[in-house]
Amino acid sequence: MRKTYLVTGGAGFIGSNFIHYLLKKYQDILVVNVDKLTYAGNLENLSEVMNDKRHFFVQADICDQQAIEKLFIEHKIDYVVNFAAESHVDRSITDPDVFVRTNVMGTLNLLNIAKTHWKTGDDTYRKGVKFQQVSTDEVYGSLGLEGFFTETTPLDPHSPYSASKASADLFVKAYYDTYKFPMNITRCSNNYGPYQFPEKLIPLMINNCLNKKSLPVYGDGLQVRDWLYVEDHCKAIDLVLRNGRIGEVYNVGGHNERTNIFVVKSIIDYVSKQVDSTVSEKLIKHVTDRKGHDRRYGIDPTKIKEELGWEPETTFEEGIKLTIQWYLEHKEWMDHITSGSYQHYYEQMYGNR
Ligand code: NAD
Ligand code: DAU
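Using the working numbering, you'd call the opening residue of the sequence shown number 283 and step up by one each time.
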């Protein structure tokens with residue numbers, strides 16, 4: 283049966299990758315893509331599918347009750363996949379308010395509208411509908427040298443970003459607990475791949491290497507992130523949406539833990555061998571650490587593997603090559619993204635260090 287997806291934040295990094303993934307995998311679907319087009323949203327990410335009749339783009343804010351309601355009236359929405367968010371930790375440290383507005387209030391608005399439109403009786407909903415909240419491992423806080431986050435690890439967010447994501451998760455859970463609202467939450471580790479805005483570690487370092495700009499490593503660079511190629515995340519979301527047990531949380535990550543300094547050196551190594559031999563580790567500049575910087579994230583993906591058969595298909599070594607290669611082949615995309623307000627942001631962040 284034809285499914286209609288309401289994808290929020292579909293002009294951002296993971297949302298646009300997810301839409302490409304869906305349209306390649308399923309013929310008979312409709313994707314209604316609602317995105318406010320903040321600094322992080324870019325319709326160029328979707329240029330290949332803008333004329334595809336199965337993809338319908340609407341510029342709107344997820345906090346806008348009327349605009350979202352209209353989409354539910356005009357389309358028989360089966361799935362909501364909520365990617366829309368303010369997603370950058372550094373920005374949340376300087377401007378937390380917008381994180382609460384979009385990530386918490388926006389999610390609540392979506393929950394209320396979906397609940398109203400999907401309801402068929404007291405605590406019953408149209409068959410086959412589901413709300414999927416795309417969350418993050420950052421809600422669990424930070425790990426020491428050992429151990430992993432499981433779905434029952436207590437929430438312990440440290441940044442305004444992760445606090446807003448944890449709050450949204452709690453509302454989604456509360457709607458299941460209170461109203462039996464059909465939902466899943468996925469909590470994924472750090473993604474990388476095509477179309478990622480160059481404020482995040484990997485595209486920022488690739489872009490700076492290619493432009494021979496210094497590479498700002500926060501503190502000692504020994505913080506650890508669990509890197510997942512974005513397509514593997516898209517596959518996990520699709521599986522959970524289709525087969526995940528209602529009301530459940532699924533962690534998504536593939537034991538690809540690397541220190542930040544290792545990641546930066548891997549990029550330098552590839553660029554110096556494949557592109558420009560004058561690029562070297564001399565570009566690395568250790569700068570003031572991020573406030574409240576989480577030391578280590580590490581996902582235990584046992585539940586999604588055992589219940590849904592999901593496993594990552596791309597190793598970090600393969601994924602980082604694919605990613606650098608993509609940015610090399612899409613220099614125009616990077617030029618467009620880094621013109622305008624990006625310059626201002628970059629100078630504010632790193633200009634005087
Ligand atoms: P992104 O910043 O690249 O994209 C966010 C998108 O949301 C943008 O297109 C933006 O225009 C849109 N948006 C922002 N505010 C909006 C609003 N009020 N209404 C409608 N649209 C709005 O983010 P991303 O990296 O693609 O992350 C997507 C989701 O996945 C987020 O919820 C994030 O918390 C989560 N996540 C990200 C990662 C990661 O490594 N990037 C890992 C785990 C989870
Ligand atoms: O873990 C999932 C999270 O991953 C997502 O929920 C967030 O939306 C996403 O932004 C990402 O958060 P991080 O803070 O881990 O990602 P970021 O790319 O900003 O930073 C990765 C690591 O690199 C982190 O330890 C900070 C460090 N860093 C980052 C930048 C931008 C640097 O050392 N230098 C930099 O210039």
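We put the beta carbon where it would ideally sit given N, CA and C, even for glycine.
Residue i vs residue j beta-carbon contact at 8 Å
i, j, result
"D582", "H440", "no"
"E539", "G501", "no"
"V278", "Q414", "No answer is possible for residue 278: it lies beyond the span of the chain, which begins at 283 and ends at 635."
"A396", "V340", "no"
"V454", "L492", "no"
"I549", "I619", "no"
"Y303", "C516", "yes"
"F381", "S374", "yes"
"V411", "W400", "yes"
"E481", "H568", "no"
"V313", "T290", "no"
"N299", "P476", "yes"
"D438", "Y461", "no"
"V545", "E433", "no"
"S417", "D372", "no"
"K306", "D343", "no"
"L393", "F295", "no"
"V636", "L497", "The structure shown does not extend to residue 636, since the chain is modelled only from 283 to 635, so the question has no answer here."
"I543", "L510", "no"
"T286", "I350", "no"
"V561", "K494", "yes"
"Y474", "T605", "yes"
"E330", "W615", "no"
"Q347", "N391", "yes"
"I586", "A518", "yes"
Run of the alpha helix (DSSP H) containing residue i, from where it starts to where it stops
i, result
"S444", "P442 to Y461"
"P485", "L483 to L492"
"Y477", "Segment: none, Y477 is in no alpha helix (DSSP H) and carries neither H nor E."
"K285", "Per DSSP, K285 belongs to no alpha helix (DSSP H); it is in the beta strand (DSSP E), K285 to T290."
"V522", "V512 to N525"
"D617", "K613 to T620"
"E629", "S623 to Y632"
Where residue i falls, given that 16 or more other Cβ within 10 Å makes a residue buried
i, result
"H626", "exposed"
"V499", "buried"
"S471", "buried"
"T406", "exposed"
"S446", "buried"
"D334", "exposed"
"N525", "exposed"
"R469", "buried"
"T597", "exposed"
"M332", "exposed"
"A456", "exposed"
"T584", "exposed"
"I301", "buried"
"Q607", "exposed"
"E595", "exposed"
"S621", "exposed"
"P442", "buried"
"E368", "buried"
"D419", "buried"
"R507", "buried"
"E513", "buried"
"I602", "buried"
"G403", "exposed"
Start-to-end residues for the beta strand (DSSP E) that takes in residue i
i, result
"R469", "M465 to C470"
"V534", "V531 to V534"
In DSSP terms, what residue i is bridged to
i, result
"R507", "R540"
"V499", "H568"
Contact test: residue i Cβ vs the ligand GTP heavy atom, cutoff 7 Å
i, result
"D582", "Among the ligands in the structure shown, the ligand GTP does not appear; only the ligand NAD and the ligand DAU can be found there."
Inset, instruction - Only counting runs of 3 or more residues, tell me where the beta strand (DSSP E) segments fall wholly within the stretch 294-380, in order along the chain. - result: 311-317, 337-341 and 361-364
Inset, instruction - For the stretch 388-444, list the beta strand (DSSP E) runs that are entirely contained and at least 3 residues long, ordered along the chain. - result: 401-403 and 412-418
Legend entry - beta strand (DSSP E) segments (min. 3 residues) lying fully within the stretch 537-611: 539-541 and 566-569
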